[in-house]
Each structure stands twice: as C-alpha cells, then as structure tokens.
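To start, the structure under review is shown below, and the notes come after it.
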C-alpha cells in the first residue's frame with residue numbers, strides 16, 4: 331500500500347496495550363498506537379491530534395452511546411472499527427431499547443466480534459458484525475500436571491462486580507464440594523466473608539503462570555460474556571475448562587446444577603486416577619489462536635478497510 335499505516339487502538343486498557351505491542355512486533359512496517367482515553371487525561375488530549383492523522387481507529391469495545399473519540403474519528407473520515415467484547419453489547423441493547431442509540435455509529439462503523447453468540451446478540455439489535463479474533467499466543471506452554479492432592483479449580487473474578495461474574499454461585503458450589511479446592515484470582519472477596527474453608531481468594535495476581543500451574547480445572551460462569559481471554563489462556567495451558575457457553579474443548583455449565591455436575595465428574599476422574607490434561611484444548615489454541623493466524627487475518631482486514639475508505 332506504499333506508505334506506513336497508522337492505526338490508533340482505543341478501548342479496554344489491558345487488551346489494548348497488549349494488542350498494540352503484538353501488532354507492532356508482528357507488522358513492523360506499520361504503526362499501532364494504544365491511547366487510553368478511558369483513564370488517562372494525557373492520552374485523551376493526545377487523541378485530539380492522533381485520531382485525525384490515523385488511517386484507522388480500532389476500538390476494543392463497541393458502543394451505541396456517544397463518544398468523543400468516536401465522533402472525532404467519523405468527523406475526520408477515518409475508518410472506525412468497533413470490536414464488541416461482552417458487556418458493551420448489553421449497554422447497546424439498553425440504548426437501542428430506550429431509543430438513545432447513535433445510528434451513525436451503527437451504520438458507519440465496521441463491527442467485529444469474536445464468537446457466534448455475540449454475533450447473534452448484535453444481529454438482534456441491527457448490528458452486522460464479522461467474527462474476527464484479536465487475542466493470540468506466540469508460544470506453546472509446557473503442559474504440567476498439578477501436584478495438589480485434591481482437585482483444584484481456578485476462576486478469575488474482578489473485585490468490582492464480583493456478583494456479575496458468578497462469585498456467589500462458585501462459593502455455593504465450593505460449600506457443596508468440600509473435597510475440591512477453589513482458587514479465586516482477581517479479588518480478595520472481603521464482601522463475601524466468611525469464605526468456605528476450601529476457597530482461597532488470591533486478590534490481584536501479578537504472575538498468573540504460578541496460579542495456573544496449581545489448577546486442574548478453570549471455570550468461568552458470568553451473567554454474560556464475550557470470548558474470555560481467561561478461557562483461551564486456560565486451554566492453552568491444557569486445563570480442563572467449564573464455561574457458561576459452548577466452546578471448543580470446554581464443558582458447558584450455565585447453572586449451579588450443571589456446574590456441580592461437571593465438577594463432580596471431574597473429581598471422580600481425579601480420585602480414580604483417570605485425570606487427563608486437556609491436550610486437545612492446548613492443541614486447538616496452538617493451531618487456531620497462534621499469532622500468525624490471528625494477527626495475519628486481522629492486519630489483512632484492516633488494510634482492506636483502509637484501502638476501501640481511500641477510494
């Protein structure tokens with residue numbers, strides 16, 4: 331395409347920073363810059379100049395509610411790509427039901443999402459999204475059998491909105507399964523004391539690798555979710571996974587009863603010595619979510635959108 335392209339990445343800071351770093355490493359011919367317009371006044375100030383000069387703006391978070399950054403993008407005739415990830419869909423559904431939604435965001439932006447169930451939810455409110463992943467893995471993990479004498483389950487629950495992410499269901503399940511150990515990363519769970527004796531709330535964890543190594547099973551049972559990076563990371567490490575949604579090499583559990591059932595089955599396998607690492611899940615991530623496949627497809631699509639916009 332000739333000159334180097336400049337892509338500004340906005341949205342959720344953890345994923346935005348990571349994606350910009352991965353893209354700059356993968357596609358050194360072009361420039362990818364993350365601006366934290368959510369929490370940084372300095373980055374918000376920078377965006378006034380960076381967005382009009384960009385070839386595209388990629389947001390890890392969609393919205394049908396007014397956004398200064400999105401307005402500046404469209405006003406500057408810069409392609410706007412919204413990557414819908416989960417809770418943003420619920421907010422869009424609310425805006426649509428109240429009639430407060432921005433029709434220009436709906437019609438003029440390019441819409442991506444990561445999985446079929448989010449695509450179907452977006453379809454219901456008139457947003458036609460293309461499935462496009464951005465989370466990728468550049469290495470294969472050594473698959474390790476945890477050394478714990480009990481089946482150990484890991485979940486990640488943020489301190490804010492812990493109830494939305496299913497902490498009460500997990501604590502109830504832990505009470506029903508006293509012979510299974512539960513690790514909760516992300517929150518100290520102080521609002522839910524006393525915790526069952528088989529539950530350890532780890533709070534914010536700097537090195538998740540060590541925690542993953544302790545667990546046999548990963549679970550994620552939020553009220554609503556996009557494709558969770560926690561699920562992908564767990565599969566990549568060969569964990570057995572219980573997820574609210576149907577996804578490759580995961581067990582589905584949308585209720586406490588289903589969660590209890592799946593964990594009892596896993597615990598019986600563990601006690602009887604039949605426990606297996608989820609090698610198929612790890613192979614799936616290595617094949618379908620490697621950096622070449624994910625970022626190759628994403629950068630190709632970004633160039634296609636930019637090229638069409640310049641015609």
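Residue numbers (the working numbering): 331 to 641. No residue lacks a Cβ here, since even glycine has one placed at the ideal position from N, Cα and C.
Residue i versus the options, residue with shortest Cα-Cα distance
i: residue 640; options: 349, 399, 408 and 348; result: 408
i: residue 600; options: 482, 553 and 396; result: 482
i: residue 631; options: 461, 534 and 453; result: 461
i: residue 550; options: 338, 582 and 535; result: 582
i: residue 397; options: 367, 384 and 463; result: 367
i: residue 506; options: 431, 590, 492 and 362; result: 590
i: residue 388; options: 400, 565 and 378; result: 400
i: residue 622; options: 465, 573 and 513; result: 465
i: residue 358; options: 343, 533 and 334; result: 334
i: residue 445; options: 603, 458, 393 and 434; result: 458
i: residue 618; options: 531, 468 and 594; result: 468
i: residue 363; options: 370, 384, 433 and 429; result: 384
i: residue 611; options: 402, 391, 345 and 571; result: 571
Helix, strand or coil at residue i [DSSP, three-state]
i: residue 579; result: coil
i: residue 345; result: helix
i: residue 451; result: helix
i: residue 384; result: coil
i: residue 570; result: strand
i: residue 444; result: coil
i: residue 639; result: helix
i: residue 531; result: strand
i: residue 363; result: strand
i: residue 708; result: This structure leaves residue 708 out entirely; the chain is present only between 331 and 641.
i: residue 467; result: strand
i: residue 634; result: helix
i: residue 331; result: Any answer about residue 331 is weak, because its pLDDT of 46 lies below 50 and its placement is not dependable; what the coordinates show is given next. In this structure, residue 331 counts as coil in the three-state DSSP scheme.
i: residue 597; result: helix
i: residue 561; result: helix
Beta-ladder partner(s) of residue i, from DSSP
i: residue 506; result: In DSSP, residue 506 forms no bridge with anything.
i: residue 484; result: 513 and 548
i: residue 352; result: Paired residue(s): none; residue 352 is not in a bridge.
i: residue 413; result: 390 and 442
i: residue 340; result: 389
i: residue 620; result: 467
CB contact flag (residue i, residue j, <9 angstroms)
i: residue 478; j: residue 511; result: yes
i: residue 416; j: residue 578; result: no
i: residue 353; j: residue 390; result: no
i: residue 626; j: residue 356; result: yes
i: residue 566; j: residue 615; result: yes
i: residue 471; j: residue 547; result: no
Rounded distance between the beta-carbons of residue j and residue i, thought under 8 angstroms
i: residue 517; j: residue 487; result: 5 angstroms
i: residue 526; j: residue 501; result: 6 angstroms
i: residue 541; j: residue 515; result: 6 angstroms
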